[in-house]
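> I'd like to ask some things about the structure below.
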Amino acid sequence: MNSTKNSTKFFLSMLLPIKLICPKGKMRKDGTCIVFIQYCGDKTILLNTEIAIPPKCWNRKFHRITADLPATYGATDDLNGQLAALLRKASDIITHAVKKKVQDISAFAKKTFHPAFDTATLEEKAKQAAALNPKTNLELIFQIEDYIKCKRDKVSKGMLNVYKNMKDHMAAFQEHRKAPITFDSFDFNLYESLVNYLTYDYVQRRKSEIINGKREQIRGLKTSTVGKTIKQLRIFLRDRMRRKIISPIDLSDFKILD
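Residue 185 in my numbering sits at position 185 of the sequence shown, and the numbers go up by one each step.
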(Lines of atoms letter the chains of each structure in order from A and count residues from 1; the text may use other names and numbers.)
(Lines give C-alpha, C1' and ligand atoms only; values in the text may rest on other atoms or scores of the structure.)
Protein backbone atom coordinates (compact mmCIF):
# COMPACT_ATOMS: atom_id res chain seq x y z
CA MET A 1 0.00 0.00 0.00
CA ASN A 2 2.76 2.46 1.00
CA SER A 3 4.79 1.63 -2.13
CA THR A 4 1.74 2.41 -4.31
CA LYS A 5 1.17 5.67 -2.44
CA ASN A 6 4.83 6.67 -2.79
CA SER A 7 4.83 5.76 -6.50
CA THR A 8 1.74 7.92 -7.07
CA LYS A 9 3.34 10.77 -5.13
CA PHE A 10 6.54 10.48 -7.20
CA PHE A 11 4.54 10.39 -10.46
CA LEU A 12 2.62 13.53 -9.48
CA SER A 13 5.84 15.33 -8.55
CA MET A 14 7.26 14.48 -11.99
CA LEU A 15 4.35 16.32 -13.58
CA LEU A 16 5.34 19.55 -11.84
CA PRO A 17 7.28 22.20 -13.84
CA ILE A 18 10.36 21.62 -11.69
CA LYS A 19 13.94 20.59 -12.50
CA LEU A 20 17.58 20.89 -11.44
CA ILE A 21 19.70 23.50 -13.23
CA CYS A 22 23.25 24.81 -12.96
CA PRO A 23 23.23 28.21 -14.73
CA LYS A 24 26.62 29.31 -16.10
CA GLY A 25 25.51 32.92 -15.86
CA LYS A 26 25.60 32.67 -12.07
CA MET A 27 29.25 31.62 -11.81
CA ARG A 28 30.93 32.66 -8.57
CA LYS A 29 34.45 34.01 -8.00
CA ASP A 30 35.74 30.53 -7.18
CA GLY A 31 34.63 29.24 -10.60
CA THR A 32 31.67 27.22 -9.32
CA CYS A 33 27.94 27.59 -9.82
CA ILE A 34 25.17 26.72 -7.39
CA VAL A 35 22.88 23.89 -8.48
CA PHE A 36 19.35 25.29 -8.20
CA ILE A 37 15.92 23.73 -8.27
CA GLN A 38 13.93 25.73 -10.83
CA TYR A 39 10.15 25.89 -10.42
CA CYS A 40 8.13 27.51 -13.21
CA GLY A 41 4.72 28.13 -11.69
CA ASP A 42 2.85 31.43 -11.67
CA LYS A 43 6.35 32.91 -11.64
CA THR A 44 9.76 31.27 -12.00
CA ILE A 45 11.79 30.81 -8.83
CA LEU A 46 15.15 29.26 -7.99
CA LEU A 47 15.59 27.21 -4.81
CA ASN A 48 19.15 27.02 -3.50
CA THR A 49 20.41 23.44 -2.91
CA GLU A 50 23.67 24.83 -1.41
CA ILE A 51 25.61 22.41 -3.64
CA ALA A 52 28.17 24.12 -5.90
CA ILE A 53 30.22 22.60 -8.74
CA PRO A 54 32.18 23.78 -11.80
CA PRO A 55 29.53 24.34 -14.53
CA LYS A 56 31.47 22.13 -16.98
CA CYS A 57 30.66 19.17 -14.70
CA TRP A 58 26.92 19.56 -15.18
CA ASN A 59 24.99 17.43 -17.67
CA ARG A 60 22.33 19.82 -18.97
CA LYS A 61 20.42 17.07 -20.78
CA PHE A 62 20.02 14.72 -17.83
CA HIS A 63 20.15 17.41 -15.09
CA ARG A 64 22.87 15.74 -13.06
CA ILE A 65 26.54 16.02 -12.12
CA THR A 66 28.97 14.27 -14.47
CA ALA A 67 31.42 11.56 -13.44
CA ASP A 68 34.47 13.78 -14.13
CA LEU A 69 33.75 16.02 -11.11
CA PRO A 70 37.04 16.67 -9.24
CA ALA A 71 37.13 14.84 -5.90
CA THR A 72 37.63 18.13 -4.05
CA TYR A 73 33.94 18.91 -4.64
CA GLY A 74 32.71 15.55 -3.36
CA ALA A 75 31.67 12.18 -4.73
CA THR A 76 29.49 12.40 -7.84
CA ASP A 77 27.07 9.65 -6.79
CA ASP A 78 26.64 11.09 -3.30
CA LEU A 79 25.96 14.60 -4.61
CA ASN A 80 23.51 13.36 -7.25
CA GLY A 81 21.72 11.41 -4.51
CA GLN A 82 21.50 14.56 -2.38
CA LEU A 83 20.16 16.56 -5.33
CA ALA A 84 17.51 13.91 -6.06
CA ALA A 85 16.42 14.02 -2.40
CA LEU A 86 16.23 17.83 -2.45
CA LEU A 87 14.23 17.75 -5.69
CA ARG A 88 11.74 15.40 -4.00
CA LYS A 89 11.61 17.69 -0.98
CA ALA A 90 10.83 20.72 -3.17
CA SER A 91 8.21 18.68 -5.04
CA ASP A 92 6.59 17.68 -1.73
CA ILE A 93 6.41 21.34 -0.67
CA ILE A 94 4.83 22.45 -3.95
CA THR A 95 2.44 19.48 -4.14
CA HIS A 96 1.30 20.17 -0.58
CA ALA A 97 0.78 23.86 -1.40
CA VAL A 98 -1.37 22.92 -4.41
CA LYS A 99 -3.40 20.48 -2.30
CA LYS A 100 -3.98 23.09 0.42
CA LYS A 101 -4.84 25.78 -2.17
CA VAL A 102 -2.07 28.12 -1.01
CA GLN A 103 -2.61 31.43 -2.82
CA ASP A 104 0.97 32.17 -3.95
CA ILE A 105 2.65 28.79 -4.41
CA SER A 106 5.94 30.23 -5.69
CA ALA A 107 6.30 32.56 -2.70
CA PHE A 108 5.35 29.73 -0.32
CA ALA A 109 7.96 27.40 -1.85
CA LYS A 110 10.63 30.12 -1.80
CA LYS A 111 9.95 30.90 1.85
CA THR A 112 9.63 27.27 2.97
CA PHE A 113 12.34 25.38 1.07
CA HIS A 114 15.72 24.83 2.67
CA PRO A 115 18.02 21.80 2.34
CA ALA A 116 17.52 21.11 6.07
CA PHE A 117 13.73 21.65 5.99
CA ASP A 118 11.70 18.87 7.61
CA THR A 119 8.70 18.07 5.40
CA ALA A 120 6.90 16.71 8.48
CA THR A 121 6.23 20.36 9.41
CA LEU A 122 4.53 21.13 6.08
CA GLU A 123 1.02 21.10 7.55
CA GLU A 124 1.93 23.83 10.04
CA LYS A 125 3.64 25.90 7.32
CA ALA A 126 0.55 25.62 5.10
CA LYS A 127 -1.68 26.72 8.00
CA GLN A 128 0.52 29.78 8.54
CA ALA A 129 0.25 30.64 4.84
CA ALA A 130 -3.53 30.13 4.89
CA ALA A 131 -3.81 32.51 7.85
CA LEU A 132 -2.43 35.28 5.60
CA ASN A 133 -4.65 34.42 2.64
CA PRO A 134 -7.90 36.46 2.36
CA LYS A 135 -9.48 33.58 0.41
CA THR A 136 -9.04 31.14 3.29
CA ASN A 137 -8.85 33.24 6.47
CA LEU A 138 -12.45 34.31 7.14
CA GLU A 139 -11.79 35.93 10.51
CA LEU A 140 -13.74 39.21 10.51
CA ILE A 141 -11.03 41.64 11.63
CA PHE A 142 -8.47 40.08 9.26
CA GLN A 143 -10.92 40.57 6.39
CA ILE A 144 -11.58 44.21 7.35
CA GLU A 145 -7.81 44.83 7.50
CA ASP A 146 -7.43 43.24 4.05
CA TYR A 147 -10.26 45.47 2.78
CA ILE A 148 -8.48 48.56 4.14
CA LYS A 149 -5.21 47.41 2.56
CA CYS A 150 -6.94 47.09 -0.84
CA LYS A 151 -8.28 50.65 -0.49
CA ARG A 152 -5.04 52.24 0.70
CA ASP A 153 -3.95 53.66 -2.67
CA LYS A 154 -7.47 54.46 -3.87
CA VAL A 155 -8.95 56.73 -1.20
CA SER A 156 -7.94 59.69 0.94
CA LYS A 157 -6.37 59.42 4.41
CA GLY A 158 -9.62 60.72 5.86
CA MET A 159 -11.55 57.87 4.26
CA LEU A 160 -9.00 55.35 5.54
CA ASN A 161 -9.63 56.70 9.05
CA VAL A 162 -13.37 56.09 8.54
CA TYR A 163 -12.63 52.47 7.62
CA LYS A 164 -10.33 52.10 10.63
CA ASN A 165 -13.02 53.48 12.94
CA MET A 166 -15.44 50.86 11.60
CA LYS A 167 -12.82 48.18 12.23
CA ASP A 168 -12.24 49.42 15.81
CA HIS A 169 -16.00 49.44 16.48
CA MET A 170 -16.40 45.88 15.18
CA ALA A 171 -13.36 44.66 17.14
CA ALA A 172 -14.76 46.21 20.34
CA PHE A 173 -18.20 44.70 19.67
CA GLN A 174 -16.65 41.28 19.09
CA GLU A 175 -14.76 41.57 22.38
CA HIS A 176 -17.96 42.69 24.12
CA ARG A 177 -19.80 39.60 22.81
CA LYS A 178 -16.97 37.34 24.03
CA ALA A 179 -17.39 35.28 20.84
CA PRO A 180 -16.05 35.56 17.28
CA ILE A 181 -18.34 37.23 14.73
CA THR A 182 -18.62 34.88 11.75
CA PHE A 183 -19.95 35.97 8.37
CA ASP A 184 -22.92 33.62 8.63
CA SER A 185 -23.98 35.39 11.86
CA PHE A 186 -24.86 38.67 10.10
CA ASP A 187 -28.63 38.88 10.61
CA PHE A 188 -31.15 41.21 12.25
CA ASN A 189 -30.27 39.98 15.75
CA LEU A 190 -26.61 40.83 15.27
CA TYR A 191 -27.51 44.19 13.69
CA GLU A 192 -29.74 45.08 16.65
CA SER A 193 -27.09 44.02 19.17
CA LEU A 194 -24.43 46.03 17.34
CA VAL A 195 -26.54 49.20 17.22
CA ASN A 196 -27.42 48.89 20.92
CA TYR A 197 -23.80 48.29 21.87
CA LEU A 198 -22.47 51.25 19.86
CA THR A 199 -25.25 53.53 21.13
CA TYR A 200 -25.05 52.71 24.84
CA ASP A 201 -22.00 50.60 25.77
CA TYR A 202 -19.11 51.46 23.46
CA VAL A 203 -16.35 53.16 25.48
CA GLN A 204 -14.80 56.18 23.78
CA ARG A 205 -11.14 55.78 24.67
CA ARG A 206 -10.08 59.32 23.72
CA LYS A 207 -12.97 61.18 25.36
CA SER A 208 -14.02 61.62 28.98
CA GLU A 209 -16.23 63.90 31.09
CA ILE A 210 -16.50 65.02 34.71
CA ILE A 211 -19.34 63.29 36.61
CA ASN A 212 -19.81 64.03 40.33
CA GLY A 213 -16.29 65.40 40.49
CA LYS A 214 -14.78 62.33 38.83
CA ARG A 215 -13.42 61.98 35.32
CA GLU A 216 -15.34 59.20 33.58
CA GLN A 217 -14.95 57.76 30.10
CA ILE A 218 -17.85 58.51 27.78
CA ARG A 219 -20.02 55.55 26.81
CA GLY A 220 -21.99 55.41 23.59
CA LEU A 221 -21.66 57.09 20.20
CA LYS A 222 -23.81 59.65 18.44
CA THR A 223 -26.55 58.25 16.20
CA SER A 224 -24.82 59.71 13.14
CA THR A 225 -21.55 57.96 14.07
CA VAL A 226 -23.35 54.65 14.56
CA GLY A 227 -25.01 55.16 11.16
CA LYS A 228 -21.62 55.81 9.54
CA THR A 229 -20.26 52.54 10.96
CA ILE A 230 -23.30 50.58 9.71
CA LYS A 231 -22.92 52.17 6.28
CA GLN A 232 -19.23 51.27 6.03
CA LEU A 233 -19.91 47.77 7.35
CA ARG A 234 -22.47 47.23 4.57
CA ILE A 235 -20.03 48.48 1.93
CA PHE A 236 -17.30 46.20 3.31
CA LEU A 237 -19.59 43.15 3.30
CA ARG A 238 -20.69 43.85 -0.28
CA ASP A 239 -17.02 44.10 -1.31
CA ARG A 240 -16.29 40.68 0.21
CA MET A 241 -19.35 39.23 -1.56
CA ARG A 242 -18.33 40.70 -4.94
CA ARG A 243 -14.89 39.16 -4.55
CA LYS A 244 -16.58 35.81 -3.76
CA ILE A 245 -14.72 35.60 -0.47
CA ILE A 246 -17.96 35.15 1.48
CA SER A 247 -21.41 33.83 0.61
CA PRO A 248 -24.23 36.31 -0.18
CA ILE A 249 -25.73 38.02 2.90
CA ASP A 250 -29.15 39.67 3.08
CA LEU A 251 -28.39 43.19 4.34
CA SER A 252 -31.94 44.54 4.04
CA ASP A 253 -32.24 44.69 7.85
CA PHE A 254 -29.02 46.67 8.23
CA LYS A 255 -30.63 50.12 8.18
CA ILE A 256 -28.38 53.18 8.15
CA LEU A 257 -29.32 55.43 11.08
CA ASP A 258 -29.55 59.19 10.49
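Beta carbons: idealized from backbone N, C-alpha and C, even for Gly.
Assign Arg64 to one of three DSSP states: helix, strand, or coil.
Of the three classes helix, strand and coil, the one that applies to Arg64 here is strand, per DSSP.
> Under a three-way DSSP split, which group does Arg152 fall into?
If DSSP states are grouped into helix, strand and coil, Arg152 belongs with coil.
> Between Thr76 and Ile65, is the Cβ-Cβ spacing less than 8 Å?
Taking 8 Å as the Cβ cut-off, Thr76 and Ile65 qualify as a contacting pair.
> May I ask you to verify whether the stretch 241-250 touches the stretch 177-188, counting CB pairs closer than 8 Å and requiring at least 3?
Output reads yes: the stretch 177-188 touches the stretch 241-250.
> If I measure Cβ to Cβ from Ile141 and keep anything under 6 Å in the same chain, skipping five residues before and after, which residues do I get?
These residues qualify, in order along the chain: Ala171.
> Reducing DSSP to helix, strand and coil, say where Leu46 ends up.
Three-state result, Leu46: strand.
> With a threshold of 16 other CB atoms inside 10 Å of the CB of Ser193, please say whether the residue is buried or exposed.
With fewer than 16 other Cβ atoms within 10 Å, it is exposed.
> If you drop the 5 nearest sequence neighbours on each side, which residues of the same chain put their C-beta closer than 7 Å to that of Gln82?
Hits under 7 Å: Ile51.
> Is the stretch 224-231 touching the stretch 160-180, taking contact as three or more C-beta pairs under 8 Å?
In short, these stretches touch, since the Cβ pair count reaches three.
> What does the Cβ neighbour count give for Arg152, buried or exposed, with the cut at 16 atoms within 10 Å?
Exposed, since its Cβ has fewer than 16 Cβ neighbours within 10 Å.
> Do Ile18 and Thr32 come within 8 Å of each other at the CB atom, strictly closer than that value?
Cβ distance not < 8 Å, so Thr32 and Ile18 don't count as in contact.
> For a minimum of 4 consecutive residues, which ranges assigned as the alpha helix (DSSP H) are wholly contained in the stretch 155-200?
For the stretch 155-200, whole alpha helix (DSSP H) runs of length 4 or above, ordered along the chain, are 157-177, 188-196.
> So, using beta-carbon positions, are Ala109 and Ala129 closer together than 8 Å?
The answer is no: Cβ separation not under 8 Å.
> Please classify Asp146: is it buried, with 16 or more other beta-carbons within 10 angstroms of its beta-carbon, or exposed?
Under this definition Asp146 is a buried residue.
> First and last residue of the beta strand (DSSP E) that includes Asp19?
As written in the sequence, residue 19 is Lys, which differs from the Asp given in the question. Looking at the DSSP string, the run of the beta strand (DSSP E) that includes Lys19 is 18-21.
> Use the C-beta contact count for Val203: other C-beta atoms within 10 angstroms, 16 or more gives buried, fewer gives exposed.
It is exposed - the Cβ of Val203 has fewer than 16 other Cβ atoms within 10 Å.
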